[in-house]
Each structure stands twice: as C-alpha cells, then as structure tokens.
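Student: Here the protein sequences come in this chain order: A and B. Going by our numbering, the first sequence opens with residue 34, and the numbers climb by one from there. Going by our numbering, the second sequence opens with residue 505, and the numbers climb by one from there. The beta-carbon is built from N, C-alpha and C at its ideal position, and this holds for glycine as well.
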Amino acid sequence: MALAVRASSLLGPRSRYVLRRSGLAVLVVLGSVTITFLITRLVPSDPAARWAGSRATVEQIAIARERLGLDQPLYVQYTRYLGDLLSGNLGVSFSTKRDIASDLGTLLPATLEPIILATLLAFLVGIPIGVLGAARPGSIFDQVARLVSVVGVSLPTYWLALLLQLLFFKQLNWLPLSGRVSDAIALASPVHPITGFYLLDAVLTGNWTAFGDVALHLVMPTLTLAIYPAGLAIRMTRSAMGDVLAERYVLAARALGIGERQILFRFALRNAILPTITVLGLSFAYSITGALLVEVVFSWPGLGSYTAAAVASLDFPVVVATTLVVTVFYIVVNLIVDLVHALLDPRI
Amino acid sequence: MSDRRLLACGALALSVVMVVAACGGTTPVPSTGSGSPVSGTAGASAPASPVAPQVLVYANPTTFPDLDPSTGFSNDSAVVSNVYETLTRYAPPGSTPQVQPLLATSWSTSADGLTWTFRLRPDVKFHDGTPVNAAAVKYSIERTQKLGQGAAFIWDPVKTITAVDDLTVEFTLSYQAPLDLIASSGYGAWIMSPAATEGKDNGWFNAGHDAGSGPYMIDSYEKDQRAILKRFDGYWGGWRPGQFDTVILKVVEDATARQQMIQSGEADYTYTIPTENLPALKSDPSVKVVANPAYQNLLILLNTAKVPTKDVLVRQALSAAFPYQTVIDSTMAGYATQARGTVPASLIDGADQVPQYSYDLDKAKLLLAQAGYPNGGLPLTLTYTAGDTVEQQAAELFRAELAKIGVDLQVKAMAWEAQWSLAKGDPTKAQDLFMFYWWPSYATPYDFMFNLFHSEKTPNFNLGYYRNPKYDALIDEANTLLSSDRAKAMAEFVAADTILVNDAAAIFVFDQQNIHVIRADLKGFVDNPAYPHVLFAYEVSR
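1) Helix or strand or just coil, what does DSSP make of residue 1010 of chain B?
2) When DSSP labels each residue in this structure, what does residue 644 of chain B get in the three-state scheme?
3) Hey, could you find the ends of the beta strand (DSSP E) residue 726 of chain B is sitting in?
4) Is there a Cβ of chain B sitting closer than 8 angstroms to that of residue 262 of chain A, yes or no?
5) Which residue marks the beginning of the beta strand (DSSP E) containing residue 669 of chain B, and which one marks its end?
6) Going along the chain, which residues of its own chain have a beta-carbon closer than 8 angstroms to the beta-carbon of residue 831 of chain B, five neighbours each way excluded?
7) Comparing C-alpha positions only, which one of B:754, B:826, B:671, B:864 sits nearest to residue 939 of chain B?
8) What does a CB cutoff of less than 7 angstroms around residue 1049 of chain B pick up in its chain, not counting 5 residues either side in sequence?
9) Does residue 384 of chain A pass the burial test, meaning 16 or more other C-beta atoms within 10 Å, or should it be called exposed?
10) DSSP three-state call for residue 328 of chain A: helix, strand or coil?
11) My parser needs the beta strand (DSSP E) runs of 3 or more residues fully inside the region 803–886 of chain B; what are they?
12) Go ahead and label residue 56 of chain A buried or exposed: buried means 16 or more other beta carbons lie within 10 angstroms of its beta carbon, across all protein chains shown.
13) Tell me where the beta strand (DSSP E) around residue 912 of chain B begins and ends.
14) Suppose the cutoff is 7 angstroms on Cβ atoms and the five residues either side in sequence are ignored; what does the same chain contact list for residue 595 of chain B look like?
15) Any beta-carbon of chain B closer than 8 angstroms to the one on residue 295 of chain A?
16) Can you grab the Cα-Cα spacing for the pair residue 613 of chain B / residue 598 of chain B, in whole Å?
17) Answer yes or no: do residue 143 of chain A and residue 229 of chain A have a C-beta to C-beta separation smaller than 8 angstroms?
18) How is the beta strand (DSSP E) around residue 274 of chain A delimited, first residue to last?
19) Who pairs with residue 594 of chain B in a beta bridge, going by DSSP?
20) So residue 914 of chain B contacts chain A; which residues on that side make the cut at Cβ distance below 8 angstroms?
21) With contact counted as at least three CB pairs below 8 angstroms, one residue from each stretch, are the region 187–199 of chain A and the region 336–343 of chain A in contact?
22) At which residues does the beta strand (DSSP E) containing residue 965 of chain B begin and terminate?
23) In angstroms with no decimal places, state the Cα-to-Cα distance between residue 106 of chain A and residue 54 of chain A.
24) Measuring straight from C-alpha to C-alpha, what distance separates residue 351 of chain A and residue 361 of chain A?
25) Taking Cβ positions only, does residue 371 of chain A come closer than 8 angstroms to chain B?
26) In this structure, how does DSSP classify residue 634 of chain B when only helix, strand and coil are distinguished?
27) Just verifying my parser: in three-state terms, what is the DSSP assignment at residue 946 of chain B?
28) Mind checking whether residue 466 of chain B and residue 583 of chain B have CB atoms under 8 angstroms apart?
29) Please report whether the beta-carbon of residue 657 of chain B lies at a distance below 8 angstroms from any beta-carbon of chain A.
30) Give, in chain order, every unbroken run of the alpha helix (DSSP H) that is at least 4 residues long and sits entirely within the region 111–180 of chain A.
31) Note down, in chain order, each residue of its chain lying with its Cβ closer than 8 angstroms to the Cβ of residue 615 of chain B, except the 5 sequence neighbours on either side.
32) From the beta carbon of residue 752 of chain B, is the nearest beta carbon of chain A less than 8 angstroms away?
33) Give the straight-line distance between the Cα atoms of residue 330 of chain A and residue 110 of chain A, rounded to the nearest whole angstrom.
34) Does the beta-carbon of residue 225 of chain A have 16 or more other beta-carbons within 10 angstroms, so that it is buried, or is it exposed?
35) Does the CB of residue 129 of chain A have a neighbour CB from chain B at under 8 angstroms?
36) Where residue 232 of chain A and residue 243 of chain A are concerned, what is the direct C-alpha to C-alpha distance, given to the nearest angstrom?
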C-alpha cells in the first residue's frame, strides 16, 4: 500500500485517479463477496443436504458436511473461501459438482456476445436518430424518434422477447425460436469453440454454414437487448444535441458557412456524445443482469440461465460466484467508461 | 479517431451480416409437415447421402446435472438410459414377468435368498470394444458402492460380488432383498467399461464421454444445451429399419418454447407442459398427449410424535377434511387420482382393496369432538417446498376447509433442505404436517413403505415418526418374498398399506400421472413409469 502511495505520488493526476478508482473497486468487490457469502449462510437451508441431493441418506449428508467444511465455524469457512477466491478457485456447483470457474469460462462469452452486439446496435442506430431528431426539432421524424425512445426504454424486455418469438418464429417463421445453434448445424458442421463467441469462432474456423445459423440465432436476443440502450441513446443524444446546438459556437460555425452535416456530426456531436457514452457504458454493464430473463426465454446457455437455475435450486457457490463476476464486470466497465470519458474530455 | 471509425465500420459490417442473414439466409425453421425437420436441413447442408438420417429430438425441460452413471440420480437418466444398460429391465406395468432380461439373460437365487447368480448375455461389447463380462459387472457396481453418492444405497444389501467365470456373477447378500429388481433400477445400476473409466471421475463423464453398452453413444455434449447421441452399430440387439440413427436431447427450460417446438415438429417428445394448455394440444392432430399413471404421489406426513397429531382421531379428522377431488381438479386438471395408501395404485396388485378417506367435513368435526376438540381451535403448521405451485394450491385449499371446522392451519413455504432439516430435528418442535412427493429409486412398493413409515432410530424420510412393529414385520417379509412369491408379497403390502390408512399415518393426496406430448407419427412409445421421463429411443421409430 505504501509502495502504491509513493508510486502514485510520482505519477500524474490522471494515473492517480485510476489508482484511486481501482483501490475503491477492490473494496467494493470484497464487500459484495462478503455480503453474498453471509446471505447464503443465513438463508434457512442446509448446504450439506443440498450438496448430497434431495434423496440423500444420513451418511451421505454427514460426509458432505465434512467435505464442504460446513462443520467448521463461520469465520474459518469465510477465510477459506477468500483464500480459494484469490487462487482463482470459485468452488464447485452443488447441483452439478462441476468447477464453477470453468463453467463461467464458457457461459460468459455466450452472454456477452448478444450484449456486445446489442450495445453496438444501440450506438449505431440510437445516436444518428438522436442527432437527426435534434436537427429538426418538432418534425415528424423527431416525434417518431421520441415515441420509439420512450417505448424502447419502458418496454419490459422479457415481454418483447416473447413478442418477437411470436412474430418471427410462429407467424413469419423467419428466425429460430431459441438456442445458439440449430440442431442441424450442431450435427452437420458444429462450431468449434475457440473464444466462445460463436460468430467469431465460425469466422476463425471458416465455418460459413455455421456463421449464418449463429447470426440468425443472435437476431432476436440482440434486438431484445438492444431496445433499451437504443431508446436511451436516442433520448440522451437528442437532449444533449439540443443543448449544444443552442451554443454560440454553432451559430458562429453556421455564420462561417460550414455545412450543416459537418456542424452536426463533427462539432456538435463531439461535445454532445459524452453523456451518451457514459449512459450506454453503464447500460452495457447493467445488461448482464438484464440478460437473465432474456436468456431464460431464448434457452440461451449463458450466465443468466445459469444464475436463474442456481437461485431456484439454492446452489449457493454458484450464486456467490455469479454475483462476484457481475460485480467485477460492472466495476470494470464503469472504470473503462470513466477512462474513456477522461480521454475524450480534456477537462478531466 | 481512425481506430474508432474502424470499430464502427466493423460493427456496422456485423449488423449488416445479421440483417442479411435474417432476410435471405437458409430457412432456419423447417416446415410443419411430418417427418423429422432436422433430417431435412441436415440433409441439405451435410454431404449428400441417399437416405436422410433418422433424427429423434427430445425437448427436455431440465438440464442433465450428472452424466456419471454411478452417481447420477436425476433427470440425467434421460441421456444415461440410452447409453448404458442394466442387468435387468423393469417392464411397463402389467407385463409378465415384471423383471425382464437385459445384460443378464437369466438369474437364480439360493434357498436362503442370500446368494444371487446372474448369467450374462454372451458377445456383448461396450462402445470402446471391450467385452461386457462378469469382471465389468463387478467393477461397475463396486465403483458405484465405493463412490457412495446418488442412489448407491440401493446396493446396501450386497456384501460381496464374485466373477465366477467370464459370464457368471455371484452376489452375496447380508440380508434378503429382491436383487433382480434392484438391478433394474434407473439410478446407480448401470454397467460400464472398466477399460474406459478406470480412474475417471465424474468430470470425465460430464465432459461428454461415455463408456456404456447401450444402443446409443454420446457423440457430442454441450452442457446445458444439448446432447447428441449416435447409434452404436455394434449393439447386440441389432438394428431394424425405421429406428433412429441420431437422438438429440435438447435442454429447453421454457414451457412455451417446448410447446411451440412440439407443435411445429421441431421436437418429437417433451413433457411438463402446463395442464391448462393440454386441451389445445389434444385437438392438434399432429401431436399426441399420452397420460399414464406415474410411480409418484403427493402425501402429507402427519407428525405422530407431537400433540395433537399424535392422536389417531385428530389424524383421521384431518384425512376426512382434505378436499381430494377439488385439489386434483384445480391443481392437476384432473390428471391424477386420489391415492389409496402410500403405494401408487399401478405399482401394487390389489390396490382397490386399500381403503380411502373421502372429503366429509361433518365426519371430521365429529372425530375432532371425540378427540377432545369439540370447537376445533387447535393450531397446526404445514410446510411445503417453496416454488411448487401444486403443493402451494393444495395447502391453501386444505387450509380453507380446515378453517370451516375451527382448525387454524399455518401454511409455510420452505426450501426443501430447510423443511427437511426441521422435520429431522426434534420431532416435538417439527412441523405438524409435512407435504412432499415421493417416487421410488427402483420400482417396488417397499421403497414407499420402508422409507416413509418403517421405524428407524434416526428417521431420514419417516418424518411423521410413525412406529408400528406389526407393520414393520409385514413389509420386511413382503420384501423378501417379492422375487419368489409375488402374490403373497403383494397381499402383505396391501395389508400393510391398509394399516397405514386406518392409522391415518399421512394424508394420501393423489397418485400423479406422467403426461408426455409426442409427435403423432412417433411409433412404439410406451411410457414406463419405472424410468420417469426416459424415452428409450431404441424402442421407437417413425
């Protein structure tokens, strides 16, 4: 710690800022791990019986209690858990007895793939609509854009997911109902996971048949997850642009005869985009929790389905581990958003 | 700046690809006609073959928690049962003999019932090519015993296992037990290749490896998504035309999605469809709803070690106050029947001789008055498993009836482990009524009668703390007679079940039905309640 302080005094203000933020982040992670750990121990249940199974014999439960160290005092269990965490060991699932860390290795890419696409989609669609809406305030385009953004922000995602399924699967039969890959592809030319991001893996292995199939499977989950951040992006861009366009330098630029397009996208957007980036970054971090319901609806084998199943079956180690992962993810994305902000805004 | 532009371009390209794929790509969902939809699309993208492969798709509402045949004790049996085999197979109810040969062709037992000899089917190979012999049987069951997890306890009577010769296995028991029946268990009785599994833990199995001798081999396994099974060409039973080459067991946890899949022909077999949707499915000619008595029932143990349920009159009053038919109609849409005693009617011969209580509040009131509670007024606590809506509704309906006769029933939802611990603790502080389902590890009335009501020093499931030496003696004897004198054994089980009903040891709510929804063109499907929600793919065809 002393070393860190001395090191930080040698660094510039921006680096000190990063260090302070990182230190705080570690504290937040530790706090959330501790709280989750305590909650799982306070919930009225018997982890040993949970581990041994609902039909376990008395002997099997006794063996489980000893093996899981549940016969030890709480502080011993806690310090042991923290020690395991530091060595990267997230424990073993009660219901499947599988190593949670390796489970998460395959689940995280599955969850992140549609979330990343959805956020990109929100950027690419939401920002231009917001800009154009602000350019012609009160026009029909602006009205429609506003309506879309209100609907996007307020629509419950699981409901939208069901609606899309009804339309694109049941009525139109254009898109697959659920899952990441269809059975036919899994049989004939399966995706061989390298990164766990199937779209990328299909490209890396040159498996174009699978690529199309994977892309089709991604459409509905991505649209479902994109609607909220897209609505947000429209609103934020629209209002920030509205403010910026009223600034004097915009007037000056217009007076100098600079093209409207250049004014909008080169000058005004540059200054208006910061809050949108912040909000979309946070929504990206937050959507990992929103993916929970969406994944259940689309039978998507990701972190959401995994957590939902763990909560329903009181699989404590999984609940603690996924809470940890989501917390760390949220904090890291938050940190990145702040850094991007700092890079884009010379005042920070 | 240019980096960002590059990123934006990449993202744009991705989105465009997605949209293009959505609009003009291959048709993802096959038409709703008969025939396997998957075979159609697979045929289109796979190298041309003269005959499209036969594919069976099973939409499974749960994941497969543990594919290790020694320790799995859950819905993993849907996969395991097609990949591994047991020595014997319990045939669907009504078959004779009830226990039929599988890896064993014949078996015999000594006069004292303590030595069992199984003769194995010759020339049977595991998927790895090694022979299924006496040594492999000994190894498999000893591995299950040694791991001591899941259903390993079914082998508790077995003291030693000896490979007498290549095809003869001898089991020495420490007490009499129907070993032919135990060997048919859908949990913990699978035979596996020693060569393939020596030193392997359940991580190896759960990575999608298999070591069985069954008709199908695990071709690929994507955890929580699907298991793909391919037929084993060297299967001892041989192959007939029309049988399936490929079986896909898909995990589809959402009930609406499963229903859409079975109706569109994307799946051939599924279960756990909300009962309110069954009428719509029944009127769809492309699917069949198959309802069949299950070896599972719902009951409410009554705490016989605690006032006031200690009193048989109070227990009888509670049994008479339960609204059986209302509960069956409203929670199961009629897909259940009022139970007769603790053994499901389809698992016991002569179930109709076991008496039942009928819903009669006047009688309940009278019994309570006889017990010394003329005005009711006794507070009782019932626990059920949180999240189970059937149990919840049954408990609430019961509470409303009891309120009419002055009994104040407190209904508490608890996690299974929590209510189980509560019941196993001090019986005088435990819940008065404990509601749960029971199903057997292997198909025998004794599983219900022993686990739920046999006297034990520290009960594990006899959590009404029922004690009756006469009952214990009756079921213990019936269990030893089950393989040698089935008729007498069944008569004794019926007598024992009658004792339970007269003592009102529990409220026997209903015998459940398994409801499966299958494609109408799936031939040869017979639900076997001894292996719940298992589809033996080898037995069906299109």
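Tutor: On the basis of the data shown:
1) In the structure shown, residue 1010 of chain B adopts extended strand secondary structure according to DSSP, grouped into three states.
2) helix
3) 720–726
4) no
5) 662–669
6) 897, 898, 901, 902, 1013, 1014
7) B:826
8) Any answer about residue 1049 of chain B is impossible in this case: the structure gives chain B only from 505 up to 1046.
9) The displayed coordinates of chain A run from 34 to 381. Any statement about residue 384 of chain A would go beyond what the structure contains.
10) helix
11) Here the runs fully enclosed are 840–842.
12) exposed
13) 912–918
14) 602, 604
15) no
16) 24 angstroms
17) yes
18) Run containing residue 274 of chain A: none in the beta strand (DSSP E); it sits in the alpha helix (DSSP H), 241–278.
19) In the DSSP assignment, residue 594 of chain B forms a beta bridge with B:603.
20) Those within 8 angstroms of residue 914 of chain B in chain A number zero; the least Cβ separation is about 16 angstroms.
21) Verdict: no, contact absent.
22) First-last for residue 965 of chain B: undefined, no H or E at that position.
23) 34 angstroms
24) 15 angstroms
25) no
26) coil
27) DSSP places residue 946 of chain B in coil when its eight states are reduced to three.
28) The structure shown does not extend to residue 466 of chain B, since chain B is modelled only from 505 through 1046, so no value can be given for it.
29) yes
30) 133–168
31) none
32) yes
33) 36 angstroms
34) exposed
35) yes
36) 8 angstroms
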